[in-house]
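Read in order, the letters of the sequence shown correspond to residues 16 to 138 in the numbering used here. C-beta: ideal position from N, C-alpha, C; glycine also. Remember, it's a predicted structure, so these values are computed and weren't measured experimentally.
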Amino acid sequence: MSELVMAPDGAVAMLEGLLARGAASRLHYLSASNVTLAVLVLASPCGEIVDEQLVLAQADPLGDLILATGFAVSAVWYSYENKLLGSGAVTDEAGTGPFKVPGLTGTRLLAGGRLKLGTTALS
Numbered sequence: 016m017s018e019l020v021m022a023p024d025g026a027v028a029m030l031e032g033l034l035a036r037g038a039a040s041r042l043h044y045l046s047a048s049n050v051t052l053a054v055l056v057l058a059s060p061c062g063e064i065v066d067e068q069l070v071l072a073q074a075d076p077l078g079d080l081i082l083a084t085g086f087a088v089s090a091v092w093y094s095y096e097n098k099l100l101g102s103g104a105v106t107d108e109a110g111t112g113p114f115k116v117p118g119l120t121g122t123r124l125l126a127g128g129r130l131k132l133g134t135t136a137l138s
């Protein structure tokens, strides 16, 4: 079986679909034991397409409340209608994961703090 290779226009069309479905969506940042550490509400629209990548934008520029203390290892992206849009690893800004935690070395979140969306470009 061969692998589907997307042409640039096809890839952008897929990102446009995510952009449309992602309005007022949210990212759940999870620990290794699947505890929800924070829920980030995305803007509407949820971002923009830049250089054939979807760059997400948070609704609250001050960040969303961190609910529990722990190390974020993954994020799950849900639409406003609670449909799964995607998931991926969480890393600090130096890491290679699709979801980044800005301003930290590592991904430890402290309850009561605020979490801003780091550089997030999905392709």
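Report yes if the C-beta distance between residue i and residue j is below 7 Å; otherwise report no.
i	j	result
L71	L57	yes
K98	E108	no
L33	A90	no
L125	Q73	no
V27	E67	yes
In whole angstroms, what separates the C-alpha of residue i from that of residue j?
i	j	result
T111	T122	13 Å
P23	I64	12 Å
Y44	L55	8 Å
V88	A104	6 Å
G118	L100	26 Å
A47	G85	9 Å
S40	S17	33 Å
C61	N49	24 Å
M29	A83	34 Å
Can you round the beta-carbon distance between residue i and residue j to whole angstroms, since I take them to be within the 8 Å contact cut?
i	j	result
Y95	A38	7 Å
Label residue i either buried or exposed according to how many other C-beta atoms from any shown protein chain fall within 10 Å of its C-beta, with 16 as the threshold for buried.
i	result
P113	buried
G128	exposed
T135	buried
G25	exposed
L77	exposed
Is residue i near the ligand MG, going by C-beta to nearest heavy atom under 6 Å?
i	result
V27	Judged by which ligands are present, the structure shown has none, so any question about the ligand MG falls away.
Go through the stretch 45-103 residue by residue and report every complete run of the beta strand (DSSP E) that reaches 3 residues or more, in order. 51-65, 68-73 and 89-93
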